[in-house]
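Participant:
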Amino acid sequence: MNAFSLQGKTALVTGANTGIGQAIAVAMAGAGAEVIASGRRDCDETLEMMGRGRQMRLDFSNPMAARDVFAAERIDILVNNAGIIRRDDAVDFSEADWDDVIDINQKALFFTCQAFARAALPRGAGKIVNIASLLSFQGGIRVPSYTASKHGVAGLTKLMANEWAARGLNVNAIAPGYIETNNTEALRADPERSKAILDRIPAGRWGRPEDIAQTAVFLAAPASDYVNGAVLNVDGGWLAR
Ligand SMILES: NC(=O)c1ccc[n+]([C@@H]2O[C@H](COP(=O)([O-])OP(=O)(O)OC[C@H]3O[C@@H](n4cnc5c(N)ncnc54)[C@H](OP(=O)(O)O)[C@@H]3O)[C@@H](O)[C@H]2O)c1
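Quick note, the sequence shown lines up with residues 3 to 243 if you use the working numbering.
Here you go:
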């Protein structure tokens, strides 16, 4: 058996139309999984890149959007990647920017995990990969709801691992460093912030979505069967600095 193969497994990846989610979907398909690319809009480009698989509309502005998905069919791997960010000074931050981010990044993530677990626990097998952030460990600046939500993702990943590890479910998270996606467009467009970030990354470059994707494959594969409740930073060494 190849411990890094996803052959015979079905994986649902949220926010799979672009960025990190798209790269994860493509890498999981490459590792042999049947991938359901989910997005709040179409994932045609991802399907084309995978060469197979299918798509499913899920909009997590309703945090319960995935409630019935896992009862309807067997899904072995869940990747909670969908997420948003809002920037403003803490002193000006609006309630809407708080609620929107917490709903998608944290509430939807928890209830999607819960729905998955309700179907997977009776089978005694399943893998959950949550996408956390460096702001699961650090405070960040001008992103209060994002920081709160991603600290929450790290905590919930550990809580769910504690409850479900002995019942065959692996729950882990990846904390990506600074990755070139839509999420970081504003940072990269600001020459001062961009330079300050780059100067601190030991690897000397921004990350690429593909850097995260193979870690997700590992956390979905048998190779990681004894990894539970980990929040794995894939950050070019940022947190080591
Ligand atoms: N880029 C980084 O440096 C970085 C670092 C740490 C963590 N992350 C995390 O990585 C994950 C992916 O982000 P990314 O960098 O790839 O950014 P991205 O390109 O903006 O991707 C975010 C994904 O989430 C989806 N999404 C947003 N709102 C949604 C909703 N209401 N329902 C369903 N899907 C929704 C987006 O769909 P649309 O395209 O339709 O908006 C998109 O597919 C996020 O959780 C983010 O917090 C990113």
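Yeah, the Cβ is synthetic: ideal placement off N, Cα and C, and Gly gets one too.
Because the structure is a prediction, the values reported are computed rather than measured.
State the beta-bridge partners of M66 as determined by DSSP.
Facilitator: In the DSSP output, where bridge partners are listed per residue, M66 has none listed.
Participant: Give the list of continuous alpha helix (DSSP H) stretches no shorter than 4 residues that lie fully inside the segment 83 to 139.
Facilitator: 97 to 104 and 110 to 122
Participant: Measuring straight from C-alpha to C-alpha, what distance separates N235 and I133?
Facilitator: 10 Å
Participant: In three-state DSSP terms, what is V236?
Facilitator: strand
Participant: According to DSSP, is I77 part of a helix, a strand, or is it coil?
Facilitator: coil
Participant: At a cut-off of 7 Å, would you count P178 as near ligand 1, judging by its Cβ distance to the nearest heavy atom?
Facilitator: At least one heavy atom of ligand 1 is nearer than 7 Å to the Cβ of P178, so yes.
Participant: Within 10 angstroms of its Cβ, does A25 collect 16 or more other Cβ (buried), or is it exposed?
Facilitator: Buried, by the Cβ-count rule.
Participant: Do L241 and ligand 1 come close, with the Cβ less than 7 Å from some heavy atom?
Facilitator: no
Participant: In whole angstroms, give me the CA-to-CA distance for D78 and K11.
Facilitator: 6 Å
Participant: If L49 sits next to A35, beta carbons under 8 Å apart, how far is it from one beta carbon to the other, in whole angstroms?
Facilitator: The Cβ separation is near 14 Å, so there is no contact.
Participant: Name the DSSP bridge partner or partners of T217?
Facilitator: Answer is none; T217 lacks a bridge partner.
Participant: Counting Cβ pairs closer than 8 Å, one from the segment 86 to 96 and one from the segment 133 to 150, do we hit at least three?
Facilitator: Two segments are said to touch when three or more pairs of C-beta atoms, one from each, lie closer than 8 Å; by this definition the segment 86 to 96 touches the segment 133 to 150.
Participant: Suppose you measure from the CA of F6 to the CA of F220; what does that come to, to the nearest Å?
Facilitator: CA-to-CA, the gap between F6 and F220 works out to about 6 Å.
Participant: Can you tell me whether N83 sits near ligand 1, meaning its C-beta is under 7 Å from at least one heavy atom of the ligand?
Facilitator: yes
Participant: What's the gap between the Cα of M58 and the Cα of M52?
Facilitator: 15 Å
Participant: Between the beta-carbon of G21 and the beta-carbon of G41, is there less than 8 Å?
Facilitator: no
Participant: Counting C-beta neighbours from all protein chains within 10 Å, is the total for M30 16 or more, i.e. buried, or is it exposed?
Facilitator: M30 comes out buried.
Participant: Taking Cβ positions, are D237 and L136 nearer each other than 8 Å?
Facilitator: yes
Participant: Would you check if the segment 145 to 164 and the segment 186 to 205 touch, i.e. whether three or more CB-CB distances between them fall below 8 Å?
Facilitator: At 8 Å Cβ cutoff, the stretches do not touch.
Participant: With C-beta atoms as the reference, is I130 less than 8 Å away from N83?
Facilitator: no
Participant: What's the call for N4, buried or exposed, on a 16-neighbour Cβ count within 10 Å?
Facilitator: exposed
Participant: Where Q216 and G23 are concerned, what is the direct C-alpha to C-alpha distance, given to the nearest angstrom?
Facilitator: Rounded to the nearest angstrom, the two C-alpha atoms are 12 Å apart.
Participant: Hey, could you find the ends of the alpha helix (DSSP H) Q57 is sitting in?
Facilitator: Unbroken run through Q57 is the beta strand (DSSP E), R56 to R59; no alpha helix (DSSP H).
Participant: Are V233 and A175 touching if we call contact CB-CB under 8 Å?
Facilitator: yes
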